[in-house]
């Protein structure tokens, strides 16, 4: 009897056997179908607005998320249109382009992961050559025109984006404001609006003192000469210096020397940053295009420094 059953079992075609198993175990088939449906992920897309200097992550079924980005500095070509994420790199190595090494011959051929790597800890390579969405080791540059063409994000923001988007995610770069759907409105509830408070006349704050840079008489570096001779840049620089001196004067005498030394160190770091970011080859500052690009870069850097001095 056992041999006969075994023989008949081998005669059953494979398809018939599958149908029989499905009929005997319908719950297993339904569970498999459910698992397949649950594995499908909602479509994602990224829209970067150059006007807003923000990256919008749009995902069906979820509120849009928005992050500030740095875009290409003046004079640098910025890609427009559609692309996609073609590769994700954790702890990337930075390879300067040939053009970047021509402009700055001191750049190495490659910068390994670490605090001096301008890509930060994460990079999403796009379909355009040498263009990526990545982190940065200069967080104060995010939100401004400061990059070499890529899109820089704050370290925490790029970490969140890196985890959220897979390879193949569509990316669109637009000049105007991104068309982002508004979040769903809550159910309206009729509530009596409170009376507005009485208007209080606004008093304009006193003008900030402008303290000139004592180095202007002997300045030789192109960028420092530009700050000293362009009235708008000199005013931004002088207002920050005036605030710094006011801050020092308000400190107790036993803390003033240490704070003054810290300000000197901060000024040196600022000079290093603008030298790297707004770099001008000596003798080229008379070129109108070079001067315009450097002036815009310096204006952003000095405005940021002035805001930091106000918050001190």
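Numbering (mature numbering (1 follows the signal peptide of the UniProt record, and there is no 0)), first residue to last: -31 to -1, 1 to 281.
Every residue gets a Cβ at the ideal spot worked out from N, C-alpha and C, and that includes glycine.
Buried versus exposed call for residue i [16 or more other C-beta atoms within 10 Å across all chains shown]
i, result
"residue 21", "buried"
"residue 60", "exposed"
"residue 233", "exposed"
"residue 86", "buried"
"residue 112", "buried"
"residue 253", "exposed"
"residue 137", "exposed"
"residue 251", "exposed"
"residue 73", "exposed"
"residue 94", "buried"
"residue 241", "exposed"
"residue 101", "buried"
"residue 121", "buried"
Residue i in three-state terms, based on DSSP
i, result
"residue 211", "helix"
"residue 64", "coil"
"residue 80", "strand"
"residue -11", "Low confidence applies here, because residue -11 scores a pLDDT of 40, under 50, leaving its location unreliable and the question unanswered by this model."
"residue 269", "helix"
"residue 233", "helix"
"residue 255", "coil"
"residue 28", "strand"
"residue 48", "coil"
"residue 264", "helix"
"residue 200", "helix"
"residue 179", "coil"
"residue 34", "strand"
"residue 192", "helix"
Candidates the options: closest to residue i by CA position
i, options, result
"residue 29", "13, 17, 43", "13"
"residue 84", "99, 104, 69, 197", "104"
"residue 145", "167, 79, 17", "17"
"residue 96", "71, 54, 120", "54"
"residue 37", "198, 45, 31, 25", "25"
"residue 124", "235, 75, 90", "90"
"residue 200", "182, 214, 257", "182"
"residue 133", "31, 279, 261", "31"
"residue 43", "114, 69, 76", "114"
"residue 116", "276, 277, 269", "269"
"residue 27", "184, 140, 226, 166", "140"
"residue 184", "78, 52, 237", "237"
Chain-order list of residues whose beta-carbon lies under 7 angstroms from that of residue i (same chain, five-residue window excluded)
i, result
"residue 274", "209, 239"
"residue 216", "281"
"residue 179", "204, 207, 208, 211"
"residue 192", "243, 244, 247, 249, 263, 267"
"residue 286", "A query on residue 286 cannot be resolved here, the shown segment of the chain reaching from -31 to 281 and no further."
"residue 57", "93, 131, 136"
"residue 188", "194, 197"
"residue 109", "273"
Contacts around residue i, its chain only, beta-carbon distance under 6 angstroms, and the 5 residues preceding and following it disregarded
i, result
"residue 80", "63, 86"
"residue 255", "none"
"residue 126", "36"
"residue 67", "none"
Residues near residue i in its chain [Cβ-Cβ closer than 8 angstroms; skip 5 each side]
i, result
"residue 47", "19, 40, 41, 118, 142"
"residue 228", "216, 217, 220"
"residue 224", "none"
Item checked: beta strand (DSSP E) runs wholly inside the stretch 83 to 115, at least 3 long, in chain order -> Runs of the beta strand (DSSP E) lying entirely within the stretch 83 to 115 and spanning at least 3 residues, in chain order: 91 to 95, 101 to 103.
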